[in-house]
Amino acid sequence: MTRLAIGQFSAAQLQIMLAIVYIALIGLIGTVSAEHVASTIYVKNGGSIQAAINSANSGDRIVVESGTYAEQLTISKDGIALIGQNAILVTPPSPTTNTCSGLAGPDFEGKDTQAGICVEGSDVVLKEFDKEHRKFESVGHRVKGVSITGFSVSGFLGLNIGIVGAQDTLVTHNTLTDGGYYGLLTVGSTNSRIKRNIVVSSPPTPPNTFLRFIGICMDDEGPVTVRHNVISGYLIALCLQTDGADIYNNYVRSCCVGGYVDPGKRGIKIRDNEISDANPVCKNDNSLSFGVWGILFTGAVDTFVNGNRISGMTDSKDRPATGIAVIDDIGTGAVASGNRVVQNQLWNNDVDLVVDTTGNGNVPGTLVAERLEPLVGCETASIPEGTVLLRLTAGLTCGKGGKMATDGTSLLPGKLQGRMWLFYDPSKAVSSGGPNKE
Numbered sequence: 000m001t002r003l004a005i006g007q008f009s010a011a012q013l014q015i016m017l018a019i020v021y022i023a024l025i026g027l028i029g030t031v032s033a034e035h036v037a038s039t040i041y042v043k044n045g046g047s048i049q050a051a052i053n054s055a056n057s058g059d060r061i062v063v064e065s066g067t068y069a070e071q072l073t074i075s076k077d078g079i080a081l082i083g084q085n086a087i088l089v090t091p092p093s094p095t096t097n098t099c100s101g102l103a104g105p106d107f108e109g110k111d112t113q114a115g116i117c118v119e120g121s122d123v124v125l126k127e128f129d130k131e132h133r134k135f136e137s138v139g140h141r142v143k144g145v146s147i148t149g150f151s152v153s154g155f156l157g158l159n160i161g162i163v164g165a166q167d168t169l170v171t172h173n174t175l176t177d178g179g180y181y182g183l184l185t186v187g188s189t190n191s192r193i194k195r196n197i198v199v200s201s202p203p204t205p206p207n208t209f210l211r212f213i214g215i216c217m218d219d220e221g222p223v224t225v226r227h228n229v230i231s232g233y234l235i236a237l238c239l240q241t242d243g244a245d246i247y248n249n250y251v252r253s254c255c256v257g258g259y260v261d262p263g264k265r266g267i268k269i270r271d272n273e274i275s276d277a278n279p280v281c282k283n284d285n286s287l288s289f290g291v292w293g294i295l296f297t298g299a300v301d302t303f304v305n306g307n308r309i310s311g312m313t314d315s316k317d318r319p320a321t322g323i324a325v326i327d328d329i330g331t332g333a334v335a336s337g338n339r340v341v342q343n344q345l346w347n348n349d350v351d352l353v354v355d356t357t358g359n360g361n362v363p364g365t366l367v368a369e370r371l372e373p374l375v376g377c378e379t380a381s382i383p384e385g386t387v388l389l390r391l392t393a394g395l396t397c398g399k400g401g402k403m404a405t406d407g408t409s410l411l412p413g414k415l416q417g418r419m420w421l422f423y424d425p426s427k428a429v430s431s432g433g434p435n436k437e
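Letter by letter, the sequence shown follows residues 0 to 437 in numbering that gives the first Met the number 0.
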């Protein structure tokens, strides 16, 4: 093999070769520098979290040390991981405008409500506020892969955390307290994951008589998972407005409605949640409550309700509280159909299960008899052989005190005009309300 010597090349040829090598190296360096290596930014007590977010690059971690920060935060960069070390976020002296401003509508003075933390895509278009919150229309670019953990967010009138036009957002291990209209609201996003948070509302202080609105609400474009959260003190704990949402292993107590599925929503799964002990405020005529319900779906389609434990849904008013209700929606005309209620445990409720719909395929096999009114005593009730009343309402009597047949058939315990009663026939049931523990 012949070794080439540098002397074999002319000066011009060497210059060309060096230029080629130089250009190649510049390109390589540019490629390496373009691939940003994520860094960690630390915010000390008294510093600005938003300033750290503004200076961060996509993919950076922002670690916030313990302390109280009077700020509103806006996150619009991909991959930001916001990590609180027992950091507390409270309302600032003056509001900051972002996509979440007015998302929950105006306040009592007509000003935009605000959010504590707003995760926002770019060029988000929302409809004008009508009720509940502004609805999503479009987004230019979804902000992707944002995570929020380790924060206590308290007292924002609109919502404590808002997610709008985002993708793959994770909110976990936070405590959200006294969000005025919402503890957390996700709108127009995809693959939102809300897990292991505490969402709590303090009892109303006189002369105020109503509860804060909603603990967690999901009105997304794509899949959403809400699991292992603790929610208490709200009018509605879980507001389900996303097709295919998966809601499981949440613990709900002291609310008026545990879970509400909006009319027309499809394929939502509500499983293995525990819902207990309706808030006493729900019984107040001035509470703005529309009744006490463990899980209520109005005009929903193909909802799967399985393995939930629901107890303590009681109401001292003329309207009995209900564990699970499948009904048509009067306002929109949406008809409930294909909703399955399987192996749930319901006990100590005024009424365990109500099915009042013209739709097909709901709670298959459980509806045997429907309306009995007026009801004077057991002798007037036409109960099919072998059926069991799903719930014996406390405080009502049948004749001279009511009775239970020896074969386990529950006879109607008294008079309840204008109320739909359901009977469960185990021999005909495909799915049931589960054991009715006392």
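In this text, a Cβ means the ideal position worked out from N, Cα and C, and glycines have one as well.
Pairwise C-alpha distance: Phe128 and Asn343: Indexing the sequence shown from 1 puts residue 343 at position 344. Indexing the sequence shown from 1 puts residue 128 at position 129. So the two alpha carbons sit approximately 37 Å from each other.
Of the listed residues Phe296, Thr73, Asn272, Gly243, nearest to Ser146 (C-alpha basis): The residue labelled residue 146 in the question sits at position 147 within the sequence shown. Ranking Phe296, Thr73, Asn272, Gly243 by Cα distance to Ser146 puts Thr73 first.
Beta carbon of Tyr181 nearer than 8 Å to that of Ile230: Start at 1 with the first residue of the sequence shown, and residue 181 comes out as number 182. Start at 1 with the first residue of the sequence shown, and residue 230 comes out as number 231. For Tyr181 and Ile230, no; Cβs fall outside 8 Å.
Nearest to Gly93 (by Cα), restricted to the options Asn53, Gln84, Ile82, Phe155: Taking the first residue of the sequence shown as position 1, residue 93 is located at position 94. A small fix is needed here, since residue 93 is Ser in this sequence, not Gly. Comparing Cα positions, the closest option is Phe155.
For Asp111, the nearest candidate out of Gly179, Gly306, Lys282, Lys264 (CA to CA): Numbered from its first residue, the sequence shown carries residue 111 at position 112. Comparing Cα-Cα distances from Asp111 to each of Gly179, Gly306, Lys282, Lys264, the minimum goes to Gly179.
Enclosing beta strand (DSSP E) for Asn159 [first to last residue]: Here residue 159 refers to the residue found at position 160 when the sequence shown is read from its first residue. Here the beta strand (DSSP E) through Asn159 covers 158-163.
Residue range of the alpha helix (DSSP H) that includes Ala51: Here residue 51 refers to the residue found at position 52 of the sequence shown. Residues 48-54.
Spatial distance of His140 from Gly164 (CA atoms): For this step, residue 140 is matched to residue 141 along the sequence shown. For this step, residue 164 is matched to residue 165 along the sequence shown. C-alpha separation (whole angstroms): 8 Å.
DSSP three-state assignment for Tyr180, whether helix, strand or coil: The count along the sequence shown starts at 1 and reaches residue 180 at position 181. Note: Tyr180 maps to coil in three-state DSSP.
Rounded separation between Lys194 and Gly161 - CA only: As a position in the sequence shown, residue 194 is number 195, starting the count at 1. As a position in the sequence shown, residue 161 is number 162, starting the count at 1. Their Cα atoms are separated by approximately 15 Å.
Proximal residues to Gly358 (C-beta, below 6 Å), its chain only, five neighbours per side dropped: Locating residue 358 in the sequence shown gives position 359, counting from the first residue. Val334, Ala335, Ser336, listed in sequence order.
Complete runs of the beta strand (DSSP E) confined to the region 311-365 [at least 3 residues]: 321-326, 339-341, 344-346, 350-355
Three-state class that DSSP yields for Pro262 in the structure shown: Position 263 of the sequence shown, counted from the first residue, corresponds to residue 262. Correct three-state label for Pro262: coil.
Exposure of Leu158, with buried meaning 16 or more beta-carbon neighbours within 10 Å: By one-based count along the sequence shown, residue 158 stands at place 159. So Leu158 ends up on the buried side.
For Val291 and Asp177, the rounded distance between their alpha carbons: By one-based count along the sequence shown, residue 177 stands at place 178. By one-based count along the sequence shown, residue 291 stands at place 292. Going by the C-alpha atoms only, they are around 21 Å apart.
Per-residue DSSP class, three states only, for Pro105: Within the sequence shown, numbered from 1, the residue matching residue 105 stands at position 106. The answer is strand: DSSP assigns Pro105 an E or B state.
Cutoff 7 Å; reference Leu27; Cβ partners in own chain excluding five residues on either side: Taking the sequence shown and counting its residues from 1, one reaches residue 27 at position 28. A caution first: Leu27 carries a pLDDT of 49, below 50, which makes its placement in the model unreliable, though a value can still be read off. Within the same chain, Leu27 has no close Cβ partners at all.
Distance between Leu210 and Lys282 (C-alpha atoms, nearest Å): Within the sequence shown, residue 282 is the residue found at index 283, counting from 1. Within the sequence shown, residue 210 is the residue found at index 211, counting from 1. Using only the alpha carbons, I get a separation of about 11 Å.
Gly45 classed as buried or exposed, judged by whether at least 16 other C-beta atoms fall within 10 angstroms: Along the sequence shown, one-based indexing puts residue 45 at 46. Flag for Gly45 reads exposed.
Euclidean distance between Cα positions of Asp271 and Pro202: As a position in the sequence shown, residue 271 is number 272, starting the count at 1. As a position in the sequence shown, residue 202 is number 203, starting the count at 1. Rounded to the nearest whole angstrom, the C-alpha separation of Asp271 and Pro202 is 27 Å.
Cβ-Cβ separation, Asn307 to Ile274 (assumed contact under 8 Å), whole Å: Walking along the sequence shown from the start, residue 274 turns up at place 275. Walking along the sequence shown from the start, residue 307 turns up at place 308. Confirmed, Cβ separation roughly 7 Å.
Neighbourhood of Ser253 by C-beta distance below 8 Å, restricted to the same chain and skipping five residues each side: If you number the sequence shown from 1, residue 253 lands on position 254. Here the set comprises Ser231, Gly232, Asp276, Ala277, Asn278.
DSSP bridge partner residues for Gly273 (one or two, in chain order): Residue mapping note: residue 273 aligns to position 274 of the sequence shown, counting from 1. First, the amino acid is wrong: residue 273 is Glu here, not Gly. Tyr250, Arg308, per the DSSP bridge assignment.
DSSP state of Cys281 mapped onto helix, strand, coil: As a working mapping, residue 281 is identified with position 282 in the sequence shown. Helix at Cys281.
Proximity of Ile267 and Ala299 at Cβ, strictly below 8 Å: Along the sequence shown, one-based indexing puts residue 267 at 268. Along the sequence shown, one-based indexing puts residue 299 at 300. Yes, they are a contact pair.
CB of Phe303 within 8 Å of CB of Arg339, strictly: For the purposes of this step, residue 303 is taken as residue 304 along the sequence shown, with counting starting at 1. For the purposes of this step, residue 339 is taken as residue 340 along the sequence shown, with counting starting at 1. Cβ distance < 8 Å, so Phe303 and Arg339 count as in contact.
Residue nearest to Ala69 in terms of C-alpha spacing, selected from Gly109, Ser153, Lys126: As a first step, residue 69 is located in the sequence shown; it is residue number 70 there, counting from the start. Among Gly109, Ser153, Lys126, the Cα nearest to that of Ala69 belongs to Ser153.
Ser153 (DSSP reduced to helix, strand or coil): Counted from its first residue, the sequence shown places residue 153 at position 154. Of the three classes helix, strand and coil, the one that applies to Ser153 here is strand, per DSSP.
DSSP three-state assignment for Ala244, whether helix, strand or coil: Mapped onto the sequence shown, residue 244 falls at position 245. Ala244: coil per DSSP, three-state reduction.
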